[in-house]
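2 protein chains.
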Amino acid sequence: MDQVKVNLEDREIPRQWYNIQADLPTPMKPPLHPGTGKPIRPQDLAPVFPMNLIEQEVSTERWIDIPSEILEKYLLWRPTPLYRARNFEKLLDAPVRIYYKNEGVSPPGSHKPNTAVAQAYYNKVFGIERLSTETGAGQWGSALSMACQMFGLKCRVFMVRVSFEQKPYRRLMMSAWGAECLPSPSDRTAAGRKILAENPDSPGSLGIAISEAIEDVVGDEKARYSLGSVLNYVILHQSIIGLEAHKQMEKIGEYPDVVMGCAGGGSNFAGIAVPFVRDKIYGKEVRIVAAEPTSCPTLTKGPFAYDFGDTAMTTPLLPMYTLGHDFLPLPIHAGGLRYHGMAPIVSHLVKEGLVEARALDQIEAFSSGVQWARSEGFIPAPETNHVIAAVVQEAKRAKEEGKERVILFNWSGHGIIDLAAYDAFLSNRLTPYELPDEEIQRALKTLEGLPKP
Amino acid sequence: MDQVKVNLEDREIPRQWYNIQADLPTPMKPPLHPGTGKPIRPQDLAPVFPMNLIEQEVSTERWIDIPSEILEKYLLWRPTPLYRARNFEKLLDAPVRIYYKNEGVSPPGSHKPNTAVAQAYYNKVFGIERLSTETGAGQWGSALSMACQMFGLKCRVFMVRVSFEQKPYRRLMMSAWGAECLPSPSDRTAAGRKILAENPDSPGSLGIAISEAIEDVVGDEKARYSLGSVLNYVILHQSIIGLEAHKQMEKIGEYPDVVMGCAGGGSNFAGIAVPFVRDKIYGKEVRIVAAEPTSCPTLTKGPFAYDFGDTAMTTPLLPMYTLGHDFLPLPIHAGGLRYHGMAPIVSHLVKEGLVEARALDQIEAFSSGVQWARSEGFIPAPETNHVIAAVVQEAKRAKEEGKERVILFNWSGHGIIDLAAYDAFLSNRLTPYELPDEEIQRALKTLEGLPKP
């Protein structure tokens, strides 16, 4: 009987997160204050984030202890199993061994609680009583709702309207965990009202929802904003995925030729990737690939530039690949991949040539996802389908070249709340989509006049 | 750091199922042919089930080997983790240690694939090309859809209409796995058409859907019927839950004072219970408790009688606790607990005093389920909420008595496709419900004229 799962016992859970900033060959550009154009100072961020998280954001310590209160919550679903996808391998009939880290086993069904639990904890310790956040497909909003409930914080979630309407179960999940969920743009904030005045039918976007959530907390001493991706400390918290996977691969004497993840804001991808990027920096041969959708090709078609993280231009200017802060991606179903920018850490790694990026069409993604569900059983999230499609491409290449390849990827979440998207695919209501160049050029105009990195 | 999960490695998965029929102190009554009133013979069942499963149904061998083709599929999610519910324990503040077997980690999110995979395999080996079945909440239908896909069989599912309408995601899940799902009563069968003629708005019931699924295969050489509960071989396949839990408890030097499960048809309950029932038969002190809903109180208010498994009176007469084969439970949300009868094995164990039964109201069940979700994270299925409510009662009793108690229960599935039911509960749209005695008396009239056990 061939082994399928590689477990870690509770006592083997990593006790520290890994901070890639300690090992970068070249330093990252600093975020800039949009008013002064100068590097942002910790105190500038204090109305939005608690100081203990701001300290993590700028830390260059390599290893950061995970507090026991967080470990205790992690143990509810972590360490997550590493699987070998033997049935999918058979289907592909290529010389590959495919390993995947199953982050779908968490209560909300994705990798998001890795940072949600940490953020709720640090806010709690800092004396905060309420968190506000945005969510796209709802993976992040539901994870933060659960985490806030666990630490006794109130939680308000601005959910991109198109997802709010398409995914009622995600908001019901948030209320089961005691949070308040509003469709964005909403009339609760000036940012939301402005968008609604221009376009009452706006489907919303992550950028808009971020603006609303930030506005919702600024000026409230006991409230802070929480972001589920993009930031350095989010990637720090998500590094536990890669640290566990690294141990698990070692347990069975394997090392990946290629490490892959889907990338929207960059957090699940970086989470599995950073320990292997570190190996690569120190000379190990390994390819690291980020899979993004052709409908929002930030890494493959956007420039590396300073840009706002949100639509209302309230955040610091971040050095990143971006399609421009007012880019409004089509409402395709992989809501978690529809962000105009990309985590500065991931952007930096791509710019430095440590990470490759690849764009995949949603039809190819869903087609691979259905193959997966019908062989491995587990139904992947639409976001996850994009990396599965990239894995299929890798396997085909391995077959053509006649070369063995060990693939490791992050199965970032399950798709059983996204079944309407599968229905659309199976009944031929999804269409291939490549973002027209004119659309990109138009959106990039919003970068004019901003500082250049 | 306190341990939360007890894992078994892939190589530790049980290689044999356990058959409680080998250890019963008194023999079970045989099922009867409804025409002759005589014990049913294997060949009578041949148009409905494949002979290899019929042989399992009547087997009294204690241990039955699990074929390697089935083990290979089991390993996609089995062995499932045994958890200690430390956060829930803290909330209850009672002298209890609560362990739960997390069957929600399977691809469809419940214990159902344990027998679905086995049944699909045995049918395949017997040369069958298509399976037909019924489903209530959809847990069973989705599990069989997945299993059929894995072994290359076609699958048709008759889904109780009220659930078909309330739970669109369940049927989308079935199509993602390539099955055909129809609302029952349907106009595809004589049984369905008869019900629709009497009541075009019939919400359906498991009994009706069973009739339709059986009618759908009888006469088709290459098609057979598949049942997700009630039968002896279903409980045989589900015994893997209890066998794993037994090993896991042993690993940490624990033994339960009480073993609990929710009971609709009886399969998840018996699955975790039978290895412990065996211990009890051989002198071990352990209580075994089945939790059913007050809206369908088969074990607590029904008589032990011979009755049909379906509404159209097409099945053999089974010796079981029953509310009468035309009993139509109210459309409460725990669709999987709405069956008029109870597995003959479970019924026998209750009659012999080896198992206790308890009925719980859905308000109490959901209230416990929300407490669970807000402390342990995982959102339980509405069915599972009933056993959680029973666990809460046990904990309260332990506190009152000032006595320590180790509780083991089967967390039969997650509820993230049942969030509409949580929404109804949280917005006070659910009401307490106890089945009126007159209603029971009326339904029991259908037993008149049938043989008595």
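Residue numbers (my numbering), protein chains in the order written: chain R, 29 to 481; chain P, 29 to 481.
Note that the Cβ used here is the ideal one computed from N, Cα and C, for glycine as well.
Computed from a predicted model, the values in this text were never measured in an experiment.
Just to confirm my understanding: we take Met348 (chain R), look at its own chain, exclude 5 residues before and 5 after, and list those with CB closer than 6 Å. What are they?
Taking the first sequence and counting its residues from 1, the one referred to as residue 348 (chain R) is at position 320. Contacts found: Gly369, Met370, Pro372, Ser375.
For a test of the three-state rule: what should DSSP assign to Gln31 (chain P), helix, strand or coil?
Numbered from 1 along the second sequence, position 3 holds the residue referred to as residue 31 (chain P). The answer is coil: DSSP assigns Gln31 (chain P) none of H, G, I, E or B.
Tell me Leu439 (chain P)'s beta-bridge partners as DSSP assigns them.
In the second sequence, counting from the first residue as 1, residue 439 (chain P) sits at position 411. Per the sequence shown, residue 439 (chain P) should be read as Trp rather than Leu. Beta-bridge pairing links Trp439 (chain P) to P:Asn130.
Quick one: what does DSSP say Leu356 (chain P) is sitting in, helix, strand or coil?
Within the second sequence, numbered from 1, the residue matching residue 356 (chain P) stands at position 328. Leu356 (chain P) falls in the coil class under three-state DSSP.
Using DSSP bridges, identify the partner residues of Thr328 (chain P).
For the purposes of this step, residue 328 (chain P) is taken as the residue at position 300 of the second sequence. Answer is none; Thr328 (chain P) lacks a bridge partner.
Start and end of the beta strand (DSSP E) containing Ser230 (chain R)?
Translated into the one-based positions of the first sequence, residue 230 (chain R) becomes position 202. Note, Ser230 (chain R): premise wrong, no beta strand (DSSP E); not H, not E.
Comparing C-alpha positions only, which one of R:Ala251, R:Gly330, R:Leu104 sits nearest to Arg39 (chain R)?
The residue labelled residue 39 (chain R) in the question sits at position 11 within the first sequence. The shortest Cα separation from Arg39 (chain R) among R:Ala251, R:Gly330, R:Leu104 belongs to R:Leu104.
Can you give me the C-alpha to C-alpha distance between Ile316 (chain R) and Gly232 (chain P), rounded to a whole angstrom?
As a working mapping, residue 316 (chain R) is identified with position 288 in the first sequence. As a working mapping, residue 232 (chain P) is identified with position 204 in the second sequence. Cα to Cα, the separation comes out at about 53 Å.
Extract the residue ranges of the alpha helix (DSSP H) inside the segment 276-310 of chain P, only unbroken runs of 4 or more that lie entirely within it.
295-309
Is Lys182 (chain P) helix, strand or coil by DSSP?
Residue mapping note: residue 182 (chain P) aligns to position 154 of the second sequence, counting from 1. Strand.
Kindly provide the ranges of any beta strand (DSSP E) runs that are 3 or more residues long and lie completely inside the segment 396-466 of chain P, ordered along the chain.
433-439
When you check each C-beta in the segment 200-218 of chain P against every C-beta of chain R, which residues fall closer than 7 Å?
Leu200, Met201, Ser203, Ala204, Trp205, Gly206
Report yes or no: is there a C-beta of chain P within less than 8 Å of the C-beta of Arg184 (chain R)?
Working through the first sequence from its first residue, we reach residue 184 (chain R) at position 156. By this cut-off, Arg184 (chain R) is not an interface position.
Beta carbon proximity, Arg402 (chain P) to chain R, threshold 8 Å
The sequence position of residue 402 (chain P) within the second sequence is 374, counting from 1. It does; some Cβ of chain R falls within 8 Å.
Along the segment 62-78 of chain R, where does the CB come closer than 9 Å to a CB of chain P? Name the residues.
none
Are the C-beta of Ile407 (chain P) and some C-beta of chain R separated by less than 8 Å?
Sequence index remark: in the second sequence, residue 407 (chain P) carries index 379 (1-based). So yes, Ile407 (chain P) belongs to the interface.
Residue nearest to Arg69 (chain P) in terms of C-alpha spacing, selected from P:Pro344, P:Tyr367, P:Gln399
On the second sequence, residue 69 (chain P) is found 41 positions in, with the first residue counted as 1. Checked all of P:Pro344, P:Tyr367, P:Gln399; the closest Cα to Arg69 (chain P) is P:Pro344.
Please list, in chain order, the residues of the segment 133-150 of chain P that have any C-beta partner in chain B closer than 9 Å.
The chain inventory of the structure shown lacks chain B, comprising the protein chains R and P.
Starting from the beta carbon of Gln177 (chain R), find every residue of chain P whose beta carbon is closer than 8 Å, and list them in chain order.
Taking the first sequence and counting its residues from 1, the one referred to as residue 177 (chain R) is at position 149. Within chain P, the residues near Gln177 (chain R) are Arg402.
Val86 (chain R) beta carbon near the ligand MN (any heavy atom closer than 7 Å)
The model depicted lacks the ligand MN and carries no ligand whatsoever.
Between R:His442, R:Asn438, R:Ala423, R:Val398, which has its C-alpha nearest Gly206 (chain P)'s C-alpha?
As a working mapping, residue 206 (chain P) is identified with position 178 in the second sequence. It is R:Val398 whose Cα lies nearest to the Cα of Gly206 (chain P).
In chain R, what lies closer than 9 Å to Gln31 (chain P) by C-beta?
Locating residue 31 (chain P) in the second sequence gives position 3, counting from the first residue. Ordered by position in chain R, the residues that pass the 9 Å Cβ test against Gln31 (chain P) are Glu37, Asp38, Arg39, Leu103.
Rounded to whole angstroms, how far is the Cβ of Ser323 (chain P) from the Cβ of Tyr461 (chain P), which I believe are closer than 8 Å?
By 1-based counting over the second sequence, the position of residue 323 (chain P) is 295. By 1-based counting over the second sequence, the position of residue 461 (chain P) is 433. Indeed they touch by this definition, with Cβ atoms about 5 Å apart.
Quick one: does Ile444 (chain P) have its CB under 8 Å from some CB of chain R?
The sequence position of residue 444 (chain P) within the second sequence is 416, counting from 1. It does; some Cβ of chain R falls within 8 Å.
So within the segment 78-115 of chain R, which uninterrupted beta strand (DSSP E) runs reach at least 3 residues, ignoring any that extend past its ends?
91-93, 110-112
Beta-carbon proximity list for Ile309 (chain R), same chain, < 8 Å, skipping 5 on both sides:
Position 281 of the first sequence, counted from the first residue, corresponds to residue 309 (chain R). Closer than 8 Å at Cβ, skipping near neighbours: Asp51, Leu52, Pro53, Leu382.
Decide if the segment 98-118 of chain R is in contact with the segment 151-163 of chain R; the criterion is three or more beta carbon pairs, one per stretch, under 8 Å apart.
no
Per DSSP, cross-strand counterpart(s) of Arg158 (chain P)
Looking up residue 158 (chain P) in the second sequence gives position 130. Beta-bridge pairing links Arg158 (chain P) to P:Lys182, P:Ala251.
So with CB distances below 7 Å, who are the chain P contacts of Met174 (chain R)?
One-based indexing of the first sequence puts residue 174 (chain R) at position 146. Residues of chain P passing the Cβ test: Gly405.
Using a threshold of 8 Å, state whether the C-beta atoms of Glu320 (chain P) and His414 (chain P) are closer than that.
Taking the second sequence and counting its residues from 1, one reaches residue 320 (chain P) at position 292. Taking the second sequence and counting its residues from 1, one reaches residue 414 (chain P) at position 386. Cβ distance < 8 Å, so Glu320 (chain P) and His414 (chain P) count as in contact.
Grouping DSSP H, G and I as helix and E and B as strand, with all else coil, what is Pro136 (chain P)?
What you label residue 136 (chain P) is simply residue 108 of the second sequence in a count that begins at 1. DSSP places Pro136 (chain P) in coil when its eight states are reduced to three.
Mind checking who Val124 (chain R) pairs with in its DSSP beta bridge?
Translated into the one-based positions of the first sequence, residue 124 (chain R) becomes position 96. Answer is R:Arg433, bridged to Val124 (chain R).
Does Ala371 (chain R) have its Cβ less than 8 Å from a Cβ in chain P?
The sequence position of residue 371 (chain R) within the first sequence is 343, counting from 1. By this cut-off, Ala371 (chain R) is not an interface position.
Whose CA, out of R:Asp446, R:Tyr367, R:Ile391, lies closest to the CA of Thr459 (chain R)?
In the first sequence, residue 459 (chain R) corresponds to position 431, counting from 1. The candidate whose alpha carbon is nearest that of Thr459 (chain R) is R:Ile391.
Beta carbon proximity, Ser96 (chain R) to chain P, threshold 8 Å:
As a first step, residue 96 (chain R) is located in the first sequence; it is residue number 68 there, counting from the start. So yes, Ser96 (chain R) belongs to the interface.
Ala387 (chain R), enclosing beta strand (DSSP E) - first and last residue
What you label residue 387 (chain R) is simply residue 359 of the first sequence in a count that begins at 1. Per DSSP, Ala387 (chain R) belongs to the beta strand (DSSP E) from 384-388.
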